[in-house]
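Inspection log for the structure reproduced underneath, given as structure tokens.
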Amino acid sequence: MDCQRAQDEILDAFDTARPADVQAAVDAHVADCAACAAFARKQRALDRQLATMLVPPRLTPRVRAAVRERVRREPRLFWSDLLPDLVHFASCGIVMVIGLVWLPMSAPVVLSLGAIGTVLTHAVLTAFHESLDAADDLAS
Amino acid sequence: MGADVQRLLHERRYDEALEAMLDLYEGKVFRMAVAMLRDAGRAEEVTQDIFVKMWRALPGYDGRASLSTWLYAIARNTCLSAVRAESYRKTSALDDVPEPSVESATPAVDWERLLSRLPDAQRHVITLFYFEDRSITEVAAMLGVPEGTVKSQLHRARRALADIME
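Protein sequences appear in the order of chains A and H. So our numbering is basically just the index in the first sequence, starting at one, shifted up by 79. So our numbering is basically just the index in the second sequence, starting at one, shifted up by 49.
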């Protein structure tokens, strides 16, 4: 095992347990190599110091209370997410009613054409909204 | 728990979904904000912003990414915006900042200063690694990078810190 490999293994051991044979090879290398022994000592000391210093910070309960309060004050806009669909379906319904009255076709034909038109235009509108959302995501 | 949140979203029970997400991820998102902003007070404010943004976006969650991946992406973007705003504010107010006096320097290791000499990516990785109980998988998920990238950044950070301390 060369020094570069030994030092990489020493660093890996801080986050993943090394296989016994690899650890034995590292130990054997470190026993014979002053530079790698010093490297291992220094890294172990650094790891201990970092673990002491980088203690997970505690979150105060006021954060959750503040989130709840801010959400409570937010206008409830969820219904507006459905608004484009509602307008679309209502418009299609009106067009179908007009078609039933004015078009020289039988009612089943008009209703079938209306249903197909509604589904197709809804698919186009959905794709359009998704592309706008994707553009928003990219922009943010 | 993730499935519970999905069910709540399916039933459009967004306030309950928010509570469930807070239970699951509040601490992790806060630690991520602390790692990126290096200011616990500011991190608390940004954590609030992240969850309010998430709540607003819940109706549009399409399930293509896991909830944690989706939330961490919102958290990262919000933290990066806050970091940019903070650095702009500091740059704008640079003339008002007094130079630190030599007398105030202490002989003890100033870890904050030491870590600040690392590139941002390495600092975020090494800070979160210790915050998240040495979990490479969790750090990778939070930062949206492969586990191999986290490991290599950790190696570089450890070598760099050892060199700086010499």
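Beta carbons are placed, not taken as given, at the ideal position from N, Cα and C, and that holds for glycine. Just so it is clear, the structure is predicted and the values come from calculations on it, not from any experiment.
- Look at ARG183/H: its C-beta is under 8 angstroms from a C-beta on chain A.
- Excluding five sequence positions before and after GLU181/H, the CB atoms of its chain that fall closer than 8 angstroms to its own CB belong to LYS77, ARG80, GLU187, VAL188 and MET191, given in chain order.
- Residues of the segment 82-97 of chain H whose Cβ lies closer than 8 angstroms to any Cβ of chain A, in chain order: VAL83, ALA89, ALA92, GLU93, THR96 and GLN97.
- Three or more beta-carbon pairs drawn from the segment 67-76 of chain H and the segment 130-149 of chain A are found closer than 8 angstroms, and the two stretches are therefore classed as touching.
- Assignment of TYR110/H by DSSP, reduced to helix, strand and coil, places it in the coil class.
- Residue burial annotation: ALA114/H is exposed, with fewer than 16 other C-beta atoms found within 10 angstroms of its C-beta.
- Under the Cβ distance rule, VAL194/H does not count among the residues neighbouring chain A, no pair being separated by less than 8 angstroms.
- Interface annotation, LEU211/A: not in contact with chain H, CB-CB separation never under 8 angstroms.
- Interface annotation, HIS59/H: not in contact with chain A, CB-CB separation never under 8 angstroms.
- For ASP169/H and ALA194/A, the gap between their C-alpha atoms comes out near 55 angstroms.
- Rounded to whole angstroms, the Cβ separation of LEU90/A and GLN122/A is 7 angstroms, and the two are in contact under 8 angstroms.
- The Cβ of VAL101/H sits closer than 8 angstroms to at least one Cβ of chain A.
- Residues of the segment 194-210 of chain H with a C-beta atom less than 8 angstroms from some C-beta of chain A are LYS200, LEU203, HIS204, ARG207, ARG208 and LEU210, listed in chain order.
- Taking the Cα positions, THR205/A is about 15 angstroms away from CYS171/A.
- For ALA66/H, same chain residues with a beta-carbon under 7 angstroms away, outside a window of 5 residues either side, are VAL54, LEU57, LEU58 and LEU107 in chain order.
- At a cut-off of 8 angstroms between C-beta atoms, THR205/A does not count as an interface residue with respect to chain H.
- Chain H has a Cβ within less than 8 angstroms of the Cβ of THR139/A.
- CA-CA distance, VAL180/A to PHE207/A, rounds to 31 angstroms.
- Within the segment 64-107 of chain H, the complete alpha helix (DSSP H) segments at least 4 residues long are 89-106, listed from N- to C-terminus.
- Counting the other Cβ atoms within 10 Å of the Cβ of THR96/H gives 16 or more, which makes it buried.
- In terms of CA proximity to ARG91/H, VAL132/H leads the group ILE185/H, VAL132/H, ALA211/H and LEU210/H.
- A check of alpha carbon separations from GLN83/A across ILE213/H, MET214/H and ARG208/H identifies ARG208/H as the nearest.
- The beta carbon of ASP98/H lies closer than 6 angstroms to those of THR127 in the same chain, with the five residues before and after it left out.
- Between MET85/H and HIS201/A, the alpha-carbon positions lie close to 42 angstroms from each other.
- Listed in chain order, the alpha helix (DSSP H) runs fully inside the segment 81-159 of chain A are 82-91, 99-111, 113-132 and 141-152, counting runs of at least 4 residues.
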